[in-house]
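Asker:
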Amino acid sequence: DFCALGTRAFDVVKGDGFKNLVKTLFSVGRGTNRSSIEIIDLLPHPTTINWNITRLYEEYKIQLIDICEQLTRFC
37 DFCALGTRAF DVVKGDGFKN LVKTLFSVGR GTNRSSIEII DLLPHPTTIN WNITRLYEEY
97 KIQLIDICEQ LTRFC
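Just so you know, we're using our numbering here: the sequence shown kicks off at 37 and counts up by one.
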């Protein structure tokens, strides 16, 4: 969602700034600024994001085609 809705490049999730942001978000509410979770292990690779976006596009395209084919009239 971050990349798709924010129209950001998929490679942004590889950057240190993004990783620090995610780590900070995970730390909120823990009472400490350190997280035992390795954020890099949780973030998807940009290729995975690209593949997921492409897959979702194809699924929604098929659904939209089905809806349009069922229309009997247009406004």
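Even for Gly, the Cβ is constructed at its ideal location relative to N, Cα and C. This structure is a prediction, so every number in the text was calculated from the model and none was measured.
For G53, collect the residues of the same chain with a Cβ closer than 6 Å to its Cβ; drop the 5 residues on either side in sequence, then sort them by chain order.
Answerer: Position 17 of the sequence shown, counted from the start, is the residue given in the question as residue 53. If we look at G53 and ignore the five residues flanking it on each side, it has no Cβ neighbours.
Asker: Can you give the Cα-Cα distance for E94 and S63, rounded to whole angstroms?
Answerer: Looking up residue 94 in the sequence shown gives position 58. Looking up residue 63 in the sequence shown gives position 27. Going from the Cα of E94 to the Cα of S63 covers about 36 Å.
Asker: Pick helix, strand or coil for E74, following the three-state DSSP scheme.
Answerer: On the sequence shown, residue 74 is found 38 positions in, with the first residue counted as 1. In this structure, E74 counts as coil in the three-state DSSP scheme.
Asker: When you compare only the Cα positions, how much space is there between T60 and I75?
Answerer: As a working note, residue 60 is residue 24 in the sequence shown. As a working note, residue 75 is residue 39 in the sequence shown. Taking the straight line from one Cα to the other gives about 10 Å.
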